[in-house]
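**Student:** Handing you a structure now.
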Amino acid sequence: MGKTYDVIVVGGGNAALCAALSAREHNATVLLLERAPEAQRGGNSSYTGGGFRMVHHGADTVKTVVPDLSEGEIANTDFGEYTTEQYLDDLGRVTQYYCDPDLAEMLVLNSTETVQWLHGRGVRFVPRFGRYAFKHEGKFKFFGGTVVEAAGGGRGLVQAEYTAAEKHGVEIRYGAQAIGLIRGNGEVRGVRVFANGSEEEISAKAVVLAAGGFEANREWRARYLGPGWDMAKVRGTRYNTGDGIRMAIDIGAQPYGQWSGCHSVSWERYAPDFGELDRPITASRNGYPFSIMVNAEGKRFVDEGADFRNYTYAKYGRVVLEQPGGFAWHVFDSQVDHLLHDEYRSKGTTKVQADTLEELVAKMEDVNPPQFLKTVREFNAAVKRDAAFNPNIKDGKCTTGLGIEKSNWANPIEKAPFSAYAVTCGITFTFGGLKIDTATRVLDIADAPLPGLFAAGELVGGLFYFNYPGSSGLMAGSVFGRIAGREAAAHALGAEAKAA
29 MGKTYDVIVV GGGNAALCAA LSAREHNATV LLLERAPEAQ RGGNSSYTGG GFRMVHHGAD
89 TVKTVVPDLS EGEIANTDFG EYTTEQYLDD LGRVTQYYCD PDLAEMLVLN STETVQWLHG
149 RGVRFVPRFG RYAFKHEGKF KFFGGTVVEA AGGGRGLVQA EYTAAEKHGV EIRYGAQAIG
209 LIRGNGEVRG VRVFANGSEE EISAKAVVLA AGGFEANREW RARYLGPGWD MAKVRGTRYN
269 TGDGIRMAID IGAQPYGQWS GCHSVSWERY APDFGELDRP ITASRNGYPF SIMVNAEGKR
329 FVDEGADFRN YTYAKYGRVV LEQPGGFAWH VFDSQVDHLL HDEYRSKGTT KVQADTLEEL
389 VAKMEDVNPP QFLKTVREFN AAVKRDAAFN PNIKDGKCTT GLGIEKSNWA NPIEKAPFSA
449 YAVTCGITFT FGGLKIDTAT RVLDIADAPL PGLFAAGELV GGLFYFNYPG SSGLMAGSVF
509 GRIAGREAAA HALGAEAKAA
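Residue numbering for the sequence shown follows our numbering, starting at 29 and increasing by one per position.
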């Protein structure tokens, strides 16, 4: 073994970079191990839209991270507010109250300060117009808790964090796959690495695992998520294969959280098996609240308007995968076409369009035409036509009398041209992982810390179950990554002081 570091961070995405930056701020020497080559660095974070869900109190809070917010933007935007209580309620509600209450509280209470901390380290933020606020009657109104995103999306976020890490003296190695943890005297003392065709051991006084979940591991997906999940498309990096989780479990870490659960969305049916960094979100299909979703049988199978998109999109991918053939279609008419994001118009989109519904379904591959037409007729007849449509609120424009009602945004599908988009399931990250405490220490089966081992990011279990509030993943990675870096540095420097 060569040089000994105070802290080794395993991973190269947002959580890992926050841990590395935080550890350096607390005077630790830091090595960051990124499995991917430099051109594909950043883990799943590089593939995200860059949104951060934080507690805020309107424009005053937003201006602390978007100081160049213009007077015009303030005047034409209702940012609303998103309180601690609302955030905790959302986490509880969408996870069916399974989320670990201590981790949830740490996430929420540290959210605003952590975004401000990132801003202070060179991450530029902008208001998240478009996905979380539509322009309606001349004004933007934010809904659902998320008001800011990193400029340049996930790639912009990661680039800013790598720039800060390099500036502050974090050593970075690319193409370095961590394959095991080294222990000595009852503590984690380093990492075994495979790089450049050979194995080596690197010593450290503390290790932070932030290497993502196991969503890119087909075998683990089938084993833990269930039959059919080996066929899901991976939205992000191909390098998140569960290495960090396996390494920790191999030395006695406690598996935790919902190992059968994941974040999964409606995704382009014929997308590549893994994400593409030059087109990170163009295969997303997030306009479904304004559609009807039909399966191969030509039937609706879900309440498309049950809630705002950011509270349903991460669980509807699973529902699509459960349909015959593992696919579905989003169907729109011209009344809502202006609300569809550019992702619906991107290269590689499987789209059909027609001036009549009969012509449309004839073009919809693998769909039963008579049943589809019957479904649309029954849906149109059930729409509550006296309610006003408003995409910025749960408008109560619903259906009545259907087996599966649509609760909001139920416009009849009747104004040509009609369009339909083929979707399948895209998996983002897995919910099962390692158990940590609020200091991010990895715990064993007896809930005792494994000395010298910390964790953050997607490989932490216990925070998300069944579903996920949009933009809370990057937020959680940042909060717990920052804590992990601080705590790992304290452990390393404390051990050094004891040795001296």
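Using N, Cα and C, we set each Cβ at its ideal position, and we do this for glycine too. All figures in this text were calculated on a predicted structure; none of them were measured in a lab.
Is it buried or exposed for residue 331, if we count other Cβ within 10 angstroms and need 16 for buried?
**Tutor:** Taking the first residue of the sequence shown as position 1, residue 331 is located at position 303. Buried is the call here.
**Student:** Go ahead and label residue 343 buried or exposed: buried means 16 or more other beta carbons lie within 10 angstroms of its beta carbon, across all protein chains shown.
**Tutor:** For this step, residue 343 is matched to residue 315 along the sequence shown. Result: buried.
**Student:** Go through the region 294-331 residue by residue and report every complete run of the beta strand (DSSP E) that reaches 3 residues or more, in order.
**Tutor:** Listed in chain order, the complete beta strand (DSSP E) runs (minimum 3 residues) inside the region 294-331 are 320-322.
**Student:** Taking the beta carbon of residue 316 as the centre, do at least 16 other beta carbons fall within 10 Å, making it buried, or is it exposed?
**Tutor:** Indexing the sequence shown from 1 puts residue 316 at position 288. Result: buried.
**Student:** Can you pull the DSSP bridge partners for residue 163?
**Tutor:** Locating residue 163 in the sequence shown gives position 135, where the first residue counts as 1. Looking at the DSSP assignment, residue 163 forms a beta bridge with 168.
**Student:** List the whole-angstrom C-beta distance separating residue 479 from residue 214, where the pair is believed to meet the contact cut-off of C-beta under 8 Å.
**Tutor:** Numbered from its first residue, the sequence shown carries residue 479 at position 451. Numbered from its first residue, the sequence shown carries residue 214 at position 186. That belief holds up - the Cβ atoms of residue 479 and residue 214 are roughly 6 Å apart, short of 8 Å.
**Student:** Please classify residue 98: is it buried, with 16 or more other beta-carbons within 10 angstroms of its beta-carbon, or exposed?
**Tutor:** For the purposes of this step, residue 98 is taken as residue 70 along the sequence shown, with counting starting at 1. So residue 98 counts as exposed.
**Student:** Suppose the cutoff is 7 Å on Cβ atoms and the five residues either side in sequence are ignored; what does the same chain contact list for residue 253 look like?
**Tutor:** Your numbering for residue 253 matches position 225 in the sequence shown. Here the set comprises 288 and 290.
**Student:** Please list the terminal residues of the continuous beta strand (DSSP E) segment that includes residue 34.
**Tutor:** Residue numbering aside, residue 34 sits at position 6 when the sequence shown is read from its first letter. 32-38 is the extent of the beta strand (DSSP E) around residue 34.
**Student:** Would you mind reading off the limits of the beta strand (DSSP E) that contains residue 373?
**Tutor:** Within the sequence shown, numbered from 1, the residue matching residue 373 stands at position 345. Run containing residue 373: none; DSSP gives neither H nor E here.
**Student:** By a C-beta neighbour count over all protein chains shown, 10 Å radius and 16 as the cutoff for buried, is residue 301 buried or exposed?
**Tutor:** As a first step, residue 301 is located in the sequence shown; it is residue number 273 there, counting from the start. That one is exposed.
**Student:** Per DSSP, which one or two residues make a beta bridge with residue 223?
**Tutor:** Mapped onto the sequence shown, residue 223 falls at position 195. In the DSSP output, where bridge partners are listed per residue, residue 223 has 226.
**Student:** Decide if the region 203-212 is in contact with the region 171-191; the criterion is three or more beta carbon pairs, one per stretch, under 8 Å apart.
**Tutor:** Result no; under three Cβ-Cβ pairs closer than 8 Å.
**Student:** Apply the 10 Å Cβ neighbour rule to residue 226 and answer buried if 16 or more other Cβ atoms are within range, or exposed otherwise.
**Tutor:** Indexing the sequence shown from 1 puts residue 226 at position 198. Exposed is the call here.
**Student:** If you check the beta carbons only, do residue 367 and residue 400 fall under 8 Å apart?
**Tutor:** Counting from 1 along the sequence shown, the entry for residue 367 is found at position 339. Counting from 1 along the sequence shown, the entry for residue 400 is found at position 372. In this structure, residue 400 does not lie closer than 8 Å to residue 367 by Cβ.
**Student:** For residue 528, which residues from the same chain have a beta carbon less than 7 Å from its beta carbon, with the 5 sequence-adjacent residues on both sides left out?
**Tutor:** Along the sequence shown, one-based indexing puts residue 528 at 500. Residue placement at residue 528 cannot be trusted, given a pLDDT of 48 that sits under 50; what the coordinates show is reported in the next sentence. Here the set comprises nothing.
**Student:** Is residue 434 helix, strand or coil by DSSP?
**Tutor:** Walking along the sequence shown from the start, residue 434 turns up at place 406. Three-state DSSP puts residue 434 in coil, outside helix and strand.
**Student:** Compute the Euclidean distance between the alpha carbons of residue 483 and residue 421, then round it to the nearest angstrom.
**Tutor:** As a working mapping, residue 483 is identified with position 455 in the sequence shown. As a working mapping, residue 421 is identified with position 393 in the sequence shown. About 38 Å.
**Student:** For residue 51, which residues of its own chain have a beta-carbon under 6 Å away from its beta-carbon, when the five flanking residues on both sides are left out?
**Tutor:** Looking up residue 51 in the sequence shown gives position 23. Contacts found: 35, 58, 513, 516 and 517.
**Student:** Given residue 457, which residues of its chain have a CB within under 8 Å of its CB, disregarding the five upstream and five downstream residues?
**Tutor:** As a working note, residue 457 is residue 429 in the sequence shown. Hits under 8 Å: 72, 240, 241, 243, 264, 268, 290, 291, 486 and 501.
**Student:** Under the rule that 16 or more other beta-carbon atoms within 10 Å means buried, what is residue 104, buried or exposed?
**Tutor:** Sequence index remark: in the sequence shown, residue 104 carries index 76 (1-based). Residue 104 comes out exposed.
**Student:** Taking only the alpha-carbon atoms, compute the straight-line gap between residue 494 and residue 30 and give it to the nearest angstrom.
**Tutor:** The residue given as residue 494 occupies position 466 in the sequence shown. The residue given as residue 30 occupies position 2 in the sequence shown. Going by the C-alpha atoms only, they are around 44 Å apart.
**Student:** Suppose contacts are defined by Cβ-Cβ distances below 8 Å. Is residue 119 in contact with residue 151 by that definition?
**Tutor:** Along the sequence shown, one-based indexing puts residue 119 at 91. Along the sequence shown, one-based indexing puts residue 151 at 123. In this structure, residue 151 does not lie closer than 8 Å to residue 119 by Cβ.
**Student:** Taking C-alpha atoms, which residue in 394, 313, 273 and 272 lies nearest to residue 326?
**Tutor:** Here residue 326 is taken as the residue at index 298 of the sequence shown, counted from 1. Looking at the Cα atoms, 394 is the closest of the given residues.
**Student:** Alpha carbon to alpha carbon, what distance is there between residue 230 and residue 537?
**Tutor:** Coverage of the chain is limited to positions 29 through 528, which leaves residue 537 absent and any answer about it impossible.
**Student:** Within a Cβ cutoff of 7 Å, which residues of the same chain sit near residue 122, ignoring the five residues on either side of it in sequence?
**Tutor:** Position 94 of the sequence shown, counted from the start, is the residue given in the question as residue 122. Once the five neighbours on either side are set aside, the close Cβ partners of residue 122 are 339, 495, 496 and 497.
**Student:** Since residue 361 and residue 492 are thought to touch, with beta carbons under 8 Å apart, how far apart are those beta carbons, to the nearest angstrom?
**Tutor:** Counted from its first residue, the sequence shown places residue 361 at position 333. Counted from its first residue, the sequence shown places residue 492 at position 464. About 34 Å; that fails the 8 Å criterion.
**Student:** Please report the residue range of the beta strand (DSSP E) in which residue 191 lies.
**Tutor:** Taking the first residue of the sequence shown as 1, we reach residue 191 at position 163. Careful: residue 191 lies outside any beta strand (DSSP E), inside the alpha helix (DSSP H) at 181-195.
**Student:** Using the Cα positions of residue 437 and residue 329, report the straight-line distance between them to the nearest angstrom.
**Tutor:** Numbered from its first residue, the sequence shown carries residue 437 at position 409. Numbered from its first residue, the sequence shown carries residue 329 at position 301. Answer to the nearest angstrom: the Cα atoms are 16 Å apart.
**Student:** Any contact of the region 381-392 with the region 458-472, i.e. 3+ C-beta pairs under 8 Å?
**Tutor:** In short, these stretches do not touch, since the Cβ pair count stays below three.
**Student:** Where in the region 407-471 do unbroken runs of the beta strand (DSSP E), each at least 3 residues long, occur, reported from the N-terminal end onward?
**Tutor:** Runs of the beta strand (DSSP E) inside the region 407-471: 446-458 and 469-471.
**Student:** Would you give the residue range spanned by the beta strand (DSSP E) that residue 62 belongs to?
**Tutor:** Mapped onto the sequence shown, residue 62 falls at position 34. Run containing residue 62: 58-62, per the beta strand (DSSP E) assignment.
**Student:** Tell me which residue opens and which closes the alpha helix (DSSP H) that residue 148 is part of.
**Tutor:** Here residue 148 refers to the residue found at position 120 of the sequence shown. That run of the alpha helix (DSSP H) goes 139-148.
**Student:** Nearest-angstrom Cα distance between residue 448 and residue 388?
**Tutor:** In the sequence shown, the residue the question calls residue 448 occupies position 420. In the sequence shown, the residue the question calls residue 388 occupies position 360. Between residue 448 and residue 388, the C-alpha separation is close to 8 Å.
**Student:** Check whether the region 412-431 and the region 466-474 are in contact - that is, three or more C-beta pairs closer than 8 Å.
**Tutor:** In short, these stretches do not touch, since the Cβ pair count stays below three.
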